[in-house]
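Data first, discussion second: the structure below is written as structure tokens.
Residue numbers (this note's numbering), protein chains in the order written: chain A, 1 to 291; chain S, 1001 to 1291.
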């Protein structure tokens, strides 16, 4: 008995976590997937009826808005954060004396809750007392900036706040990437008289492809899961103009009491995330095994 | 890194320009914080007549005391204080438990490999990527069944369960670089599983414990989705209370109180970032480039 215990202790130690993950992650995903194929509304029903919920979902104008917003927000958020992050990283890579100090400033938004970020930007973008008023005081009498309450533009305010929060982090990833490029190649290029901009565009940036990919994965993951920022900044409004899949799911689950819609939208979110993450994880793990 | 010395005059000008651009970026990241702090120190009167970006004419800390002990979060008007403590009571046990479990799991997966250990690791890792929307509905039901619905122990459980994927990953990646010969030697000396963990691995683990604790604390303190889904009136974490204060529709909109509340909610993670930024960034990059 004692021998058996001693031999199997590693398995016994990890068993609770294993079963917890099995139930709380995989079992729960299975439950949600099951519910998404039923007629569940306020209470769960367990008779499978096919794709009714998914039909309802894709017929819903609100879900269409949420998906469109995810596309607009995701595209702009990832693109702008990557460009901004890369530019700052390159500028910061020029033997700047106070680099550590500046880096601390650029990165602090990542420590904040998205609710705090949303609250701050909601105030800055306040039509009337916010940035609009600043420009009016400076003499631009006709300046208007009402994106926050304008259904056509409100989603761009989410981009503004999201980029502010995440671009410093992208900068940190890129800076680490720039530093990991083989310095010998750069020295050789300099000896050959290759201009600085050419060294960046032809040598350094192409060799950073894996870092671009990881930055993309991280940002895409953040974008698809975005929930807090929208809630704090616009509350999904005006109307449902800034709904994202995550807020749609939450509304269906907790205020509309429509379990079927909540479950099917959650499953779609998971499929979208996994279609981005799984190929990446797979290639990462394979690379590791090759080494 | 790169510097072509063609003419020293253009070089000096370029460097000055570079510093100006970097300071402009710093200004961009600091502006929201500046606006938050100055707004929180102004009277409501001054906010309405003055400018967003001006310094307060008269310093007043009224908004801070209202935010801490009087602001309304729905029906109750006791400020952020009780919710601040809720977040502390949720975060501290959840961080300690998930870090401890992660350390043991990481130790097993990295050093006591058995037939299925890599598969267990892959299952744990995969759980880090799921959008939490996909587990919200069954989790709410299970918390109800366990009689933990809307309670602080319930939230602790949720944060521990969905935190162990990351904590295990951190410790596994740290322990994997320690040679297995160490354990073999210790076993010959008669040390057992726990003895080796306790007197060899834990003393080596300080840096990774710091990284993990900071990562978990930031995640849990800043969490909004679990907080808003699984809490009730008296057990809400600070992020939910902050959102309620900002979006409460009763009475006059007190922007100075909103900003003071946002700063109070941000202060703990901001302090952690300022004190231990190095470890914070290490966790961020390890947590994002997972695997």
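All C-beta atoms, glycine included, are put in the ideal place defined by N, C-alpha and C.
Only a predicted model underlies this, so the values are computations on that prediction, with no experimental measurement involved.
Could you tell me whether the Cβ of residue 277 of chain A comes closer than 8 Å to any Cβ of chain S? Taking the first chain and counting its residues from 1, one reaches residue 277 of chain A at position 277. By this cut-off, residue 277 of chain A is an interface position.
Would you list the residues sitting across from residue 1074 of chain S in a DSSP beta bridge? For this step, residue 1074 of chain S is matched to residue 74 along the second chain. Per DSSP, none; premise fails for residue 1074 of chain S.
Report the rounded CA-to-CA distance for residue 1196 of chain S versus residue 36 of chain A, giving the unit in angstroms. As a working mapping, residue 1196 of chain S is identified with position 196 in the second chain. As a working mapping, residue 36 of chain A is identified with position 36 in the first chain. Going by the C-alpha atoms only, they are around 48 Å apart.
Compute the beta-carbon to beta-carbon distance between residue 1086 of chain S and residue 1216 of chain S, rounded to the nearest angstrom, for a pair I have assumed lies under 8 Å. Locating residue 1086 of chain S in the second chain gives position 86, counting from the first residue. Locating residue 1216 of chain S in the second chain gives position 216, counting from the first residue. About 17 Å separates the two Cβ atoms, so there is no contact after all.
With DSSP as the reference, label residue 283 of chain A as helix, strand or coil. Within the first chain, numbered from 1, the residue matching residue 283 of chain A stands at position 283. Looking at residue 283 of chain A - three-state DSSP - the assignment turns out to be helix.
For residue 1231 of chain S: DSSP bridge partner residues: Start at 1 with the first residue of the second chain, and residue 1231 of chain S comes out as number 231. Answer is S:1150.
Cβ-Cβ separation, residue 123 of chain A to residue 1240 of chain S (assumed contact under 8 Å), whole Å: Indexing the second chain from 1 puts residue 1240 of chain S at position 240. Indexing the first chain from 1 puts residue 123 of chain A at position 123. With 8 Å as the limit, residue 1240 of chain S and residue 123 of chain A do not qualify as a contact, their Cβ atoms being about 19 Å apart.
DSSP on residue 1236 of chain S, reduced to helix/strand/coil? Counted from its first residue, the second chain places residue 1236 of chain S at position 236. In the structure shown, residue 1236 of chain S sits in coil (DSSP, three-state: anything other than H, G, I, E or B).
Output yes if chain S places a C-beta closer than 8 Å to the C-beta of residue 184 of chain A; else output no. Position 184 of the first chain holds residue 184 of chain A. No, its Cβ sits nowhere closer than 8 Å to a Cβ of chain S.
Would residue 283 of chain A count as contacting chain S if we go by Cβ distances under 8 Å? On the first chain, residue 283 of chain A is found 283 positions in, with the first residue counted as 1. No, its Cβ sits nowhere closer than 8 Å to a Cβ of chain S.
I need the boundaries of the alpha helix (DSSP H) containing residue 1065 of chain S, first residue and last residue. The residue labelled residue 1065 of chain S in the question sits at position 65 within the second chain. 1062 to 1069 is the extent of the alpha helix (DSSP H) around residue 1065 of chain S.
For a quick check, are the C-beta atoms of residue 38 of chain A and residue 260 of chain A less than 8 Å apart? Your numbering for residue 38 of chain A matches position 38 in the first chain. Your numbering for residue 260 of chain A matches position 260 in the first chain. Yes. Within cutoff.
Can you give me, in chain order, the residues of the segment 76 to 94 of chain A that have a beta carbon less than 8 Å from any beta carbon in chain S? 88, 91, 92, 93, 94
Integer Cβ distance of residue 277 of chain A from residue 1166 of chain S, believed to fall under 8 Å: For the purposes of this step, residue 277 of chain A is taken as residue 277 along the first chain, with counting starting at 1. For the purposes of this step, residue 1166 of chain S is taken as residue 166 along the second chain, with counting starting at 1. About 15 Å; that fails the 8 Å criterion.
Three-pair Cβ contact test at 8 Å for the segment 1089 to 1099 of chain S versus the segment 1280 to 1287 of chain S: no
Flag this pair as yes or no: are the beta carbons of residue 1245 of chain S and residue 1071 of chain S separated by less than 8 Å? Translated into positions along the second chain, residue 1245 of chain S becomes position 245. Translated into positions along the second chain, residue 1071 of chain S becomes position 71. Cβ distance < 8 Å, so residue 1245 of chain S and residue 1071 of chain S count as in contact.
From residue 1002 of chain S to residue 94 of chain A, what distance separates their C-alpha atoms? Here residue 1002 of chain S refers to the residue found at position 2 when the second chain is read from its first residue. Here residue 94 of chain A refers to the residue found at position 94 when the first chain is read from its first residue. At residue 1002 of chain S, the pLDDT of 49 sits below 50, so the modelled position is not reliable and the matter cannot be decided from this model.
What residues in its chain sit with their C-beta under 8 Å from that of residue 84 of chain A, if we drop five residues either side in the sequence? What you label residue 84 of chain A is simply residue 84 of the first chain in a count that begins at 1. Cβ within range, chain order: 163, 167, 170, 171.
Return the CA-CA distance between residue 1066 of chain S and residue 1052 of chain S, expressed in angstroms with no decimal places. Here residue 1066 of chain S is taken as the residue at index 66 of the second chain, counted from 1. Here residue 1052 of chain S is taken as the residue at index 52 of the second chain, counted from 1. Those two C-alpha atoms are separated by around 21 Å.
Among the candidates A:246, A:249, A:18, whose CA atom is the shortest distance from the CA of residue 1119 of chain S? In the second chain, the residue the question calls residue 1119 of chain S occupies position 119. Considering only alpha carbons, the answer is A:18.
Using a cut-off of 8 Å between C-beta atoms, extract the partners of residue 35 of chain A located in chain S. Here the question's residue 35 of chain A lines up with position 35 in the first chain. 1137, listed in chain order.
Can you give me the start and stop residues for the alpha helix (DSSP H) that residue 1138 of chain S sits inside? Position 138 of the second chain, counting from 1, holds the residue named residue 1138 of chain S. 1133 to 1145 is the extent of the alpha helix (DSSP H) around residue 1138 of chain S.
If contacts are defined as beta-carbon pairs under 8 Å, then residue 232 of chain A and residue 1270 of chain S qualify, I think. What distance do you get, rounded to the angstrom? The residue you call residue 232 of chain A lines up with position 232 of the first chain. The residue you call residue 1270 of chain S lines up with position 270 of the second chain. With 8 Å as the limit, residue 232 of chain A and residue 1270 of chain S do not qualify as a contact, their Cβ atoms being about 17 Å apart.
Are residue 1256 of chain S and residue 1048 of chain S close, meaning C-beta to C-beta below 8 Å? Locating residue 1256 of chain S in the second chain gives position 256, where the first residue counts as 1. Locating residue 1048 of chain S in the second chain gives position 48, where the first residue counts as 1. Their beta carbons are not under 8 Å apart, which means residue 1256 of chain S does not touch residue 1048 of chain S by this criterion.
As a quick exercise: from A:33, A:58, A:248, A:190, pick the residue whose alpha carbon is nearest that of residue 48 of chain A. By one-based count along the first chain, residue 48 of chain A stands at place 48. It is A:33 whose Cα lies nearest to the Cα of residue 48 of chain A.
Which residues bound the alpha helix (DSSP H) around residue 157 of chain A? On the first chain, position 157 is the one that residue 157 of chain A refers to. Residue 157 of chain A -> alpha helix (DSSP H) spans 154 to 179.
Within 8 Å, strictly: CB atoms of residue 1229 of chain S and residue 1160 of chain S: As a first step, residue 1229 of chain S is located in the second chain; it is residue number 229 there, counting from the start. As a first step, residue 1160 of chain S is located in the second chain; it is residue number 160 there, counting from the start. Taking 8 Å as the Cβ cut-off, residue 1229 of chain S and residue 1160 of chain S do not qualify as a contacting pair.
Reference residue 1211 of chain S, options S:1280, S:1184, S:1254, S:1201, closest by Cα: Sequence index remark: in the second chain, residue 1211 of chain S carries index 211 (1-based). Nearest option by C-alpha distance: S:1280.
Spatially closest choice to residue 20 of chain A from S:1176, S:1190, S:1158, by CA coordinates: Here residue 20 of chain A is taken as the residue at index 20 of the first chain, counted from 1. Ranking S:1176, S:1190, S:1158 by Cα distance to residue 20 of chain A puts S:1158 first.
Give the single residue among S:1103, S:1116, S:1028, S:1059 whose Cα lies nearest to the Cα of residue 8 of chain A. On the first chain, residue 8 of chain A is found 8 positions in, with the first residue counted as 1. If we check each option's Cα against that of residue 8 of chain A, S:1116 comes out closest.
How should residue 55 of chain A be labelled, buried or exposed, when 16 other C-beta atoms within 10 angstroms of its C-beta is the threshold for buried? Working through the first chain from its first residue, we reach residue 55 of chain A at position 55. Residue 55 of chain A should be labelled exposed.
Going by CA-CA distance only, name the one from A:279, A:244, A:177 that's closest to residue 86 of chain A. Taking the first residue of the first chain as 1, we reach residue 86 of chain A at position 86. The shortest Cα separation from residue 86 of chain A among A:279, A:244, A:177 belongs to A:177.
May I have a chain-ordered list of the alpha helix (DSSP H) segments no shorter than 4 residues that lie completely inside the segment 191 to 231 of chain A? 209 to 225
Assumed close pair residue 1111 of chain S, residue 1209 of chain S - CB separation to whole angstroms, cut-off 8 Å: Counting from one through the second chain, the residue named residue 1111 of chain S turns up at place 111. Counting from one through the second chain, the residue named residue 1209 of chain S turns up at place 209. Between residue 1209 of chain S and residue 1111 of chain S the Cβ distance is about 17 Å, and since that is not below 8 Å, they are no contact.
Give every residue of the same chain whose Cβ lies closer than 7 Å to the Cβ of residue 189 of chain A, excluding the five residues on either side of it in the sequence, and list them in chain order. Sequence index remark: in the first chain, residue 189 of chain A carries index 189 (1-based). Result list for residue 189 of chain A: 199, 203, in chain order.
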